[in-house]
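Trainee:
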Amino acid sequence: MRTEAQAVVIGGGVIGCSILYHLTKLGWSDVVLLERDELTSGSTWHAAANIHGLHDSTNISRIQHYTMNLYNALEEETGQSCGVFQPGSLYLAQTEEREHQLRLQAAKAKLYGMNFYEISIEEAQRLNPLVNYEGIRCVMFEPDGGNVDPSGVTNAYAVGARQRGAEIHRFTPVTATEQQDDGTWIVKTPKGDIKTPWVVNAAGLWGREVAKLAGIELPLQPTEHQYFVTETVSDVQAHGTRLPSVSDRDGEYYLRQEGNGLLVGAYEKDMKFWAEDGTPLDFAHDLFPDDLERIEENMMNAIERLPAVGEAGIKRVINGPMIWSPDSNVLMGPAPEVDGYFCCNGVIPGFSQSGGMGLMAAQWIIEGETEYDMFAWDMARFDTWATKEFTKAKVQDQYAHRFAIHFPNEERSAGRPARVRPVYETQKAMGAVFGLNVGWEHPLWFADAPGAVDTNGFTRQNWWGPVGEECKMLRDRAGIIDISNFAKYICKGPGAADWLNAVFANNMPKAVGRSCLTPLISKRGGIAGDFTVTRVAGDEFWIIGSGMAERYHKRFFKQVPLPAGTTFESKTEAMCGFNVAGPKSREILQRLTNESLATEDFPFMRSANIELAGIEVLALRVSFTGDLGWELHCATEDQARLYDALIEAGKEFDAGPVGSRALMSMRVEKGYGSWSREYSPEYWPHEVGLERLCKFEKDFLNKEAAQKVLENPVREQLVLLHLDEADVTASNADATGGEPIFKDGEGIGRVTSGTYGYTVGRSLALGYVKNAQPGDEVEVMVLGRPHKAVILHEPPFDAAGKVLRG
Ligand SMILES: Cc1cc2nc3c(=O)[nH]c(=O)nc-3n(C[C@H](O)[C@H](O)[C@H](O)COP(=O)(O)OP(=O)(O)OC[C@H]3O[C@@H](n4cnc5c(N)ncnc54)[C@H](O)[C@@H]3O)c2cc1C
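If you read the sequence shown in this note's numbering, its first letter stands for residue 3, the second for the next number, and so on.
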């Protein structure tokens with residue numbers, strides 16, 4: 003066994019083996035995989051191993067497509083059979099909402115050149131005559147869908163990796179991972195130690211235990227999961243060719259041919275957790291006792307759709323464990339707080355995702371960043387706030403609704419509230435309907451009375467009207483928006499300016515009271531973040547960024563060493579904020595402070611520590627609504643007093659609370675981008691319109707990468723679109739994000755944010771397009787159907803910025 007390696011992968015399931023394979027494929031041959039038992043000893047060996055390409059998230063679709071196409075190539079490369087069957091998959095829509103979802107996915111598939119399209123019921127009947135198509139509204143076909151052999155695939159990755167120099171040691175449990183003073187690791191096993199700069203945790207069902215060896219807590223929870231295989235079904239046998247699998251997701255089951263029988267798996271409502279206090283170390287190729295009663299409802303749904311399921315006896319039941327994260331996506335990436343430790347844990351569709359997941363992991367480890375924005379998979383989206391209790395509640399919800407549609411803007415209630423700020427009860431009493439953001443409850447909109455909840459769907463929902471009223475109130479008079487979700491930091495000390503200048507691309511403000519906007523540049527030269535930095539004192543800066551990206555940004559901040567005597571500290575929990583905006587905001591705030599808020603004394607992009615209603619606040623004259631306004635940041639213990647004072651002062655002007663959905667609408671009216679939607683590491687500064695904020699006369703993090711990408715012409719450009727009134731009225735739907743954009747039948751881009759612009763009276767969308775200019779007519783695929791739209795020359799609200807600066 004090697005005593006040193008470029009990386010040590012822990013776990014020989016399908017994911018660990020794929021990571022090992024891809025590390026070697028990207029050029030690292032000095033890599034080792036350690037498996038405590040045989041390969042495939044966790045969830046892998048007993049998986050149904052169905053493979054699908056489509057996913058609601060575009061980047062996850064890309065990864066699943068890469069994976070589906072890889073298996074045949076892997077077989078050819080390694081000579082190891084992957085047991086690939088690709089008879090195709092039929093996706094059935096029983097409801098109007100499912101039809102919207104599938105049509106949207108088909109439109110995305112067309113944009114990205116993926117194989118997924120609508121077929122007639124007659125064609126579906128020809129492909130799979132065993133299905134009862136009664137009540138089916140539409141059918142999509144994915145010709146590459148099917149299943150693989152789980153052991154075959156895992157071994158093929160292992161063979162491929164070994165062929166490029168990797169070592170695999172079976173029956174070699176990792177008993178300790180110890181970080182050394184120089185940041186490298188010693189991985190301990192009974193057969194000896196290995197020194198390495200990279201530990202990769204791919205320990206599947208034991209991901210929690212292995213992470214703990216390095217002092218890392220992962221929010222994961224295993225559950226039981228069952229499928230059964232029938233005896234020979236005469237119609238299956240008689241059919242001759244292999245039948246396409248059936249994705250009847252409204253029935254919460256999956257179904258495919260297995261031998262001459264059928265395989266049916268179910269995500270039942272009455273789900274069962276396993277190993278709540280830790281996965282037993284002596285568990286390997288084990289299963290749980292059958293419990294078909296638990297999945298009876300799902301079985302009945304399957305039998306109704308495919309009567310043949312009920313006609314044959316049950317040959318085999320598999321009841322095995324799988325391990326889930328709170329949102330059922332993998333927890334992936336370098337642990338932000340621990341150097342050289344990479345996690346890839348909590349993988350549910352391992353066979354649909356193994357290839358792309360291995361590739362993304364290898365890119366992240368070797369190249370420092372993935373080619374696609376993988377924030378949806380980044381372990382940094384959770385933190386210690388995702389407690390065991392929260393994780394269990396979410397996993398229960400995710401499992402029982404595995405195939406339920408996740409609607410745009412949907413906020414599921416399981417596990418909440420996880421964390422609340424002092425004004426939570428006050429906002430609740432005011433009618434706030436809350437959303438979850440990094441564990442915090444925050445108001446989305448305000449109903450007439452307490453207790454309202456969102457309805458969900460792809461079309462305009464119950465909040466559409468009230469959000470419009472909030473926007474109009476703010477633009478006509480004023481509104482008070484809780485912005486405590488923003489990430490807040492203080493950088494203090496003699497080296498603060500130098501350090502911030504070395505991290506961020508823009509020049510930091512020189513004068514006290516001045517603010518600047520600045521991008522953070524990613525390893526490949528894209529936009530890793532957008533921040534507002536304010537100099538609040540000679541050697542003290544206040545930094546505001548995206549709340550959801552706070553843990554993600556840690557990875558960047560730690561790359562530049564802090565000068566001695568200088569500190570950089572998160573104030574996100576300790577401080578809260580409100581944005582008071584609208585034409586009357588100045589008058590409202592002036593009632594509460596003796597400081598002059600007149601433009602000549604307090605112009606746009608200036609800041610000051612002031613006393614407001616007797617409370618110390620940092621006031622910044624900025625506003626994400628695009629309107630006249632101030633951001634006010636105060637200590638968390640003062641939040642309730644400040645809120646009461648603002649609400650009370652607003653009453654005289656008929657102004658009141660406004661939620662984040664209204665803020666979203668107003669920032670789109672102004673054409674402002676937002677992190678994770680418009681701004682992402684996938685986009686270059688000049689594609690996003692932030693290149694003028696990159697100052698190349700100084701050094702900053704990833705400057706060379708930014709310089710390099712800026713030499714290239716833009717691939718796509720961020721634009722604002724106005725959707726045709728008649729089309730959106732007919733569908734009763736606005737864009738929400740992710741909809742493809744076509745021009746003359748050609749896919750030219752996609753929507754990143756969509757909303758109704760209530761105060762400009764237009765349905766709007768921000769998005770990226772190529773080969774299109776302002777004034778061009780295009781089609782946006784809202785609900786998967788073409789909606790006419792035009793690319794705007796300028797934002798419909800205050801394009802000249804007069805209101806903002808007024
Ligand atoms: C009943 C069932 C049906 C499924 N059907 C499908 C399906 O149709 N399609 C699909 O895509 N997915 C399916 N899955 C999910 C799929 O099985 C998983 O996504 C996948 O197997 C996860 O692989 P993994 O490599 O992450 O983890 P695992 O398979 O759990 O592998 C982890 C490995 O790490 C090893 N290990 C742990 N601790 C140590 C240590 N300390 N030292 C060394 N080695 C260690 C373990 O022995 C194990 O071999 C199904 C799962 C179940 C339970």
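Every residue gets a Cβ at the ideal spot worked out from N, C-alpha and C, and that includes glycine.
From a predicted model like this one, the values you see are computed outputs, not experimental measurements.
1) So, helix, strand or coil for Val133, using DSSP?
2) How long is the line joining the alpha carbons of Leu502 and Asp252, rounded to whole angstroms?
3) Could you name the residues of the same chain whose beta carbon sits closer than 8 Å to that of Val422, not counting the 5 residues immediately before and after it, in chain order?
4) Which two residues bound the contiguous alpha helix (DSSP H) that contains Pro687?
5) Look at Gly459 and Phe377 and say whether their C-beta atoms are less than 8 Å apart.
6) Is the Cβ-Cβ distance between Trp686 and Val711 less than 8 Å?
7) Could you pull the start and end residues of the alpha helix (DSSP H) that His67 belongs to?
8) Pull up the DSSP beta-bridge partners for Ala434, would you.
9) With 16 other CB atoms within 10 Å as the buried threshold, where does Val455 fall?
10) Does the beta-carbon of Glu254 have 16 or more other beta-carbons within 10 angstroms, so that it is buried, or is it exposed?
11) Based on Cα-Cα distance, which residue from Glu40, Gln88, Leu106 lies nearest to Ser59?
12) Does Asn157 pass the burial test, meaning 16 or more other C-beta atoms within 10 Å, or should it be called exposed?
13) With 16 as the cutoff for other CB atoms within 10 Å, does Met3 come out buried or exposed?
14) Pick out whichever of Thr520, Thr738, Met783 has its Cα sitting closest to the Cα of Pro748.
15) How is Lys705 classed by DSSP in three states: helix, strand or coil?
16) So, for Ile750: in the same chain, excluding its five sequence neighbours on each side, which residues have a beta-carbon less than 8 Å away from its beta-carbon?
17) Give the range of the beta strand (DSSP E) segment to which Gly194 is assigned.
18) My guess is that Met577 and Thr638 are in contact by the Cβ rule of under 8 Å, so how many angstroms apart are they, rounded?
19) Ignore the nearest five residues each way along the sequence and tell me which others in Thr574's own chain have a CB closer than 7 Å to its CB.
20) Rounded to whole angstroms, how far is the Cβ of Ile545 from the Cβ of Phe558, which I believe are closer than 8 Å?
21) Just to confirm before moving on: does the CB-CB distance between Asn704 and Lys525 stay below 8 Å?
22) Of the residues Ser91, Tyr73, Leu92, which one's Cα is nearest the Cα of Ser83?
23) Just to confirm my understanding: we take Ala388, look at its own chain, exclude 5 residues before and 5 after, and list those with CB closer than 6 Å. What are they?
24) If I measure Cβ to Cβ from Val397 and keep anything under 7 Å in the same chain, skipping five residues before and after, which residues do I get?
25) Tell me, please, whether the region 167-181 touches the region 31-41 by the rule of three or more beta-carbon pairs shorter than 8 Å.
26) Can the beta-carbon of Glu120 be found closer than 8 Å to that of Met142?
27) Got a sec: does ligand 1 put a non-hydrogen atom nearer than 7 Å to the Cβ of Arg4?
28) Let's test the definition: count the other Cβ atoms within 10 Å of the Cβ of His795 and tell me whether it reaches 16, buried, or not, exposed.
29) Establish whether the CB of Asp284 and some CB of chain B are separated by less than 8 Å.
30) For Phe606, which residues from the same chain have a beta carbon less than 7 Å from its beta carbon, with the 5 sequence-adjacent residues on both sides left out?
31) Are there any heavy atoms of ligand 1 lying less than 7 Å away from the beta-carbon of Ala158, as far as the coordinates show?
32) Between which two residues does the beta strand (DSSP E) harbouring Thr191 extend?
33) Roughly how many angstroms separate the alpha carbons of Arg100 and Ile407, rounded to a whole number?
34) Helix, strand or coil for Arg318, going by three-state DSSP, please let me know.
35) Return yes when at least one heavy atom of ligand 1 lies under 7 Å from the C-beta of Asn52, else no.
36) Could you tell me which of Gly467, Glu693, Ile21 sits nearest to Glu713, measuring between CA atoms?
Mentor: Checking against the coordinates, here is how it stands:
1) Note: Val133 maps to coil in three-state DSSP.
2) Cα to Cα, Leu502 sits roughly 51 Å from Asp252.
3) So the qualifying residues of the chain are Trp442, Glu443.
4) That run of the alpha helix (DSSP H) goes 687-690.
5) No, Cβ-Cβ distance for Gly459 and Phe377 is not below 8 Å.
6) Contact flag set, yes.
7) Counting along the chain, the alpha helix (DSSP H) containing His67 begins and ends at 60-80.
8) For Ala434, which the question treats as bridged, DSSP gives the partners Phe448.
9) Taking every protein chain shown into account, the CB of Val455 has fewer than 16 other CB atoms within 10 angstroms, so this residue is exposed.
10) With 16 or more Cβ atoms within 10 Å of its Cβ, Glu254 is classed as buried.
11) Ranking the options by Cα distance to Ser59, first place goes to Leu106.
12) By the C-beta density criterion, Asn157 is buried, having at least 16 other C-beta atoms within 10 angstroms.
13) So Met3 counts as exposed.
14) For the record, residue 748 in the displayed sequence is Glu; it is not Pro. Checking every option, the nearest Cα to that of Glu748 belongs to Met783.
15) If DSSP states are grouped into helix, strand and coil, Lys705 belongs with the helices.
16) Cβ within range, chain order: Ile743, Phe744, Val771, Lys772, Asn773, Ala774, Val780.
17) Start and end: 194-198.
18) At roughly 6 Å, the Cβ-Cβ gap stays under 8 Å, so Met577 and Thr638 are in contact.
19) Non-local beta-carbon contacts of Thr574 in its own chain, meaning distances under 7 Å to residues more than five positions away in sequence, involve Ala489, Lys490, Gly549, Glu552 in chain order.
20) Contact between Ile545 and Phe558 is absent: CB atoms are separated by about 12 Å, not below the 8 Å threshold.
21) Cβ atoms of Asn704 and Lys525: closer than 8 Å.
22) The alpha carbon of Ser83 has as its nearest neighbour, out of Ser91, Tyr73, Leu92, the alpha carbon of Tyr73.
23) These residues qualify, in order along the chain: Pro221, Pro328.
24) Gln223, Thr225, Trp326, Pro328.
25) Result yes; three or more Cβ-Cβ pairs closer than 8 Å.
26) Yes, Cβ-Cβ distance for Glu120 and Met142 is below 8 Å.
27) The beta carbon of Arg4 sits no closer than 7 Å to any heavy atom of ligand 1.
28) It is exposed - the Cβ of His795 has fewer than 16 other Cβ atoms within 10 Å.
29) Among the chains of the structure shown, chain B does not appear; only one protein chain is present.
30) Excluding residues within five positions, the ones whose Cβ falls inside 7 Å are Arg623, Leu806, Arg807.
31) It does not: the Cβ of Ala158 is nowhere closer than 7 Å to a heavy atom of ligand 1.
32) Annotation: the continuous beta strand (DSSP E) that includes Thr191 extends over 187-191.
33) Arg100 and Ile407: Cα-Cα distance of roughly 7 Å.
34) Three-state result, Arg318: strand.
35) Yes; taking the cut-off as 7 Å, the Cβ of Asn52 has a heavy atom of ligand 1 nearer than that.
36) When only C-alpha atoms are compared, the closest one is Glu693.
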